[in-house]
Amino acid sequence: MNNYIYWVLIYLVFSLIYAQTFKKANRNMKDASALTVLLELFTAFFAIFFIPFFKFKLPDNPYVYLIFFIVTIIYAFTDRLNIEARYGLNPSTFSMLKQLSSVFLVIFGFIFLKEKLVIKKIIGGVIIILANILLGMNKGKISFNKYFIMCFISNFLFAIAMLINVNISSNFNIAFYTIITVFIPSIYIFLFNKLSFKKLANEFSLYDKKRFIIAAFSWSIMLISSVKAYEYGSVSVVAPLLTLSMITNTIYEYIFDKNKKDLLFKLFISFIIIIGVILIKM
């Protein structure tokens, strides 16, 4: 499967499954940190089964491990923020806000990498920002709740990780890489929040276990497929295609969740964001 289209399609299918099952699985959540650790552990477990499908390799450069260690610390923060943001936002809204990371990458590239400011990238960034402002409009007023803010901070941190973590995944077996990127952050969160295995068990007992397990399995495939898509396709093509998850989630919510009043508005926002991403990634 060395065609990026296959991996994009796999990503879109499982990103939809993940977003919708995870949203329904954790309605009785009491501790977002425990939820994050549980999801990361289950996702790491499922990723183990994919190791044989990819060439096993590890980097021999100590610098790569140092960078990876720093990145996993950032991932601990982004995962924790994303989990609670997903809890409080509709999947379609969350997927739209995720595109802010592209804007931050443009800004960081200019500031830290001394990249030239290309007019189309500036326009693309402005489009994405304006689209997300429209997304936060409520009865003519801008209204951002704490979940919006969490998502904003998470995307800021994720962009920092991406700035540091340039093609680092190519040094690893991709399934093993996925395991590390979720398992190590789970340890950080577990220790920092002074969680116990008993607390994790009690938290897990509150969830719809079938949906939760499906969500974790789907997330593992999402992480693998997104990396493989970028491996086989150019960023300018793959990035806009992956953002189609905004549209699939919006349509799903319209059909199955009876969220009919926002369909046209969210589709409009989705298309605007896709245009912004295309301009940035071209």
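Going letter by letter, the sequence shown gives residues 9 to 290 in my numbering. The C-beta atom is built at its ideal place from N, Cα and C for all residues, glycine as well.
Integer-rounded CB distance, given that residue j should sit under 8 angstroms from residue i
i, j, result
"residue 67", "residue 179", "4 angstroms"
"residue 244", "residue 290", "5 angstroms"
"residue 85", "residue 208", "That pair is no contact at about 20 angstroms."
"residue 22", "residue 229", "4 angstroms"
Cβ-Cβ distance between residue i and residue j below 8 angstroms
i, j, result
"residue 114", "residue 288", "yes"
"residue 223", "residue 26", "yes"
"residue 48", "residue 204", "no"
"residue 235", "residue 182", "yes"
"residue 214", "residue 37", "yes"
"residue 187", "residue 56", "yes"
"residue 261", "residue 158", "no"
Cβ of residue i within 8 angstroms of any chain B Cβ
i, result
"residue 239", "You won't find chain B in this structure, because it holds only one protein chain."
Member of the options whose CA lies at the smallest distance from the CA of residue i
i, options, result
"residue 51", "18, 81, 227", "227"
"residue 122", "171, 143, 141, 75", "171"
"residue 75", "248, 233, 189, 230", "189"
"residue 96", "11, 196, 40", "40"
"residue 201", "88, 134, 112, 272", "88"
"residue 219", "283, 57, 24", "24"
"residue 198", "45, 10, 35", "45"
"residue 286", "258, 262, 242, 143", "242"
"residue 248", "239, 152, 107", "107"
"residue 177", "65, 18, 53", "65"
"residue 77", "117, 206, 196, 118", "196"
"residue 109", "59, 119, 136, 225", "136"
"residue 217", "34, 116, 132, 20", "34"
"residue 62", "264, 184, 231", "184"
"residue 161", "117, 111, 43, 206", "111"
"residue 120", "129, 144, 168", "168"
"residue 5", "19, 28, 20", "No answer is possible for residue 5: it lies beyond the span of the chain, which begins at 9 and ends at 290."
Residues near residue i by beta carbon distance below 6 angstroms, same chain, minus five either side
i, result
"residue 139", "277, 280, 281"
Neighbourhood of residue i by C-beta distance below 7 angstroms, restricted to the same chain and skipping five residues each side
i, result
"residue 31", "94, 99"
"residue 275", "255, 258"
"residue 10", "240"
"residue 72", "176, 179"
"residue 54", "224, 225, 228"
Residues near residue i in its chain [Cβ-Cβ closer than 8 angstroms; skip 5 each side]
i, result
"residue 147", "Because residue 147 sits at a pLDDT of 49, beneath the cut-off of 50, its placement in the model cannot be relied upon, and the following sentence gives the value as read from the coordinates. Around residue 147: no qualifying Cβ."
Check whether the stretch 244 to 263 touches the stretch 95 to 114, taking contact to mean three or more Cβ pairs, one atom from each stretch, closer than 8 angstroms. Result yes; three or more Cβ-Cβ pairs closer than 8 angstroms.
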